[in-house]
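Numbering (the working numbering), first residue to last: 16 to 142.
Here's the structure we're looking at; comments come further down.
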């Protein structure tokens with residue numbers, strides 16, 4: 016696994032959002048057993064997820080009720096972006112970055128919880 020330098024050992028004024036995202040990702044995400052492309056996909060999903068903050072109206076049923084949360088909608092769109100960028104199926108991206116890492120039920124929700132935790136840590140740091 017790639018070692019991410021501790022951004023807090025640097026001048027805090029020079030830290031970018033990407034530096035903070037990478038650092039907190041290395042602290043929050045569980046390690047990958049077989050790191051083929053999973054870590055690359057995971058970090059790209061994180062960045063796309065971060066970039067989509069506040070701009071994710073979830074799709075609605077015919078009666079106007081959203082059928083998933085805004086955060087889950089944002090995650091799905093981030094996964095789609097990464098799959099398209101790598102010319103892969105969404106299932107391929109998810110299998111290497113989510114299903115190979117998280118266990119039990121609701122693996123995607125576990126990943127979403129980690130993304131939200133990283134987002135919260137970065138936002139707290141930037142305030």
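By construction, the Cβ of each residue, glycine as well, lies at the ideal position given by its N, Cα and C atoms.
Note that the coordinates shown come from a computational prediction; the quantities given were computed from them, not determined experimentally.
Boundaries cannot be given for residue 114, as no alpha helix (DSSP H) includes it and DSSP labels it neither H nor E. Inter-residue distance for residue 116 and residue 48 is about 8 Å (C-alpha atoms, whole angstroms). With fewer than 16 other CB atoms across the displayed protein chains lying within 10 angstroms of its CB, residue 139 is exposed. Residue 141 sits away from residue 39, with the two beta carbons spaced by 8 Å or more. Pairing residue 105 with residue 113 gives a Cβ-Cβ distance that is not under 8 Å. If you look at residue 107, you'll find it in the alpha helix (DSSP H) that goes 105–109.
If you compare the alpha carbons of 32, 120 and 121 with that of residue 63, the shortest gap goes to 32.
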